[in-house]
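Notes for the one structure printed next.
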Amino acid sequence: MWDTFEYNFPKCRLDRRNIINISSKEIPDCDGIIGGPPCQSWSEAGVGKGIKDERGRLFLDYIRILKDKQPKFFLAEMYLEFYILSIK
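Each residue of the sequence shown is one higher than the one before, starting from 1 at the first, in UniProt numbering.
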């Protein structure tokens with residue numbers, strides 16, 4: 001996926017580090033942030049463990065960055081499991 005992105009957008013900077021290792025201070029101010037959780041943890045096709053899976057907890061770091069940066073907008077992929085958790 002990264003190779004395809006870099007091929008299609010050669011002027012974009014792509015940070016391949018794990019989100020856990022990225023400080024919000026390293027991210028420049030911006031209007032929007034796009035991200036999402038690893039599908040293996042959240043989708044019905046994956047293990048479906050959500051936040052109980054180590055990969056599922058990576059989404060908490062995405063939220064950490066959103067809180068710190070306060071962009072005008074953000075986009076995150078929504079899984080049915082997120083909705084189910086919100087109504088429990």
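Beta carbons are placed, not taken as given, at the ideal position from N, Cα and C, and that holds for glycine. This structure is a prediction, so every number in the text was calculated from the model and none was measured.
Per DSSP, what kind of secondary structure is arginine 16 in: helix, strand or coil?
-> Working through the sequence shown from its first residue, we reach residue 16 at position 16. Arginine 16: coil per DSSP, three-state reduction.
Would you call the segment 3-14 and the segment 26-43 touching, i.e. three or more CB-CB distances under 8 Å?
-> no
Own chain, CB closer than 6 Å to isoleucine 87, minus 5 neighbours either side, in chain order = Locating residue 87 in the sequence shown gives position 87, where the first residue counts as 1. Legend: pLDDT at isoleucine 87 = 49, less than 50; position of this residue unreliable, no value from coordinates given.
Consult DSSP for isoleucine 87 and reduce its assignment to one of helix, strand or coil.
-> Counted from its first residue, the sequence shown places residue 87 at position 87. Because the pLDDT at isoleucine 87 is just 49, under 50, the model does not fix this residue reliably, and the value given afterwards should be weighed accordingly. Note: isoleucine 87 maps to helix in three-state DSSP.
Compute every distance between the C-beta of aspartate 53 and the non-hydrogen atoms of the ligand FMN, then say whether any falls below 7 Å.
-> Because no ligand of any kind appears in the structure shown, any question about the ligand FMN cannot be addressed here.
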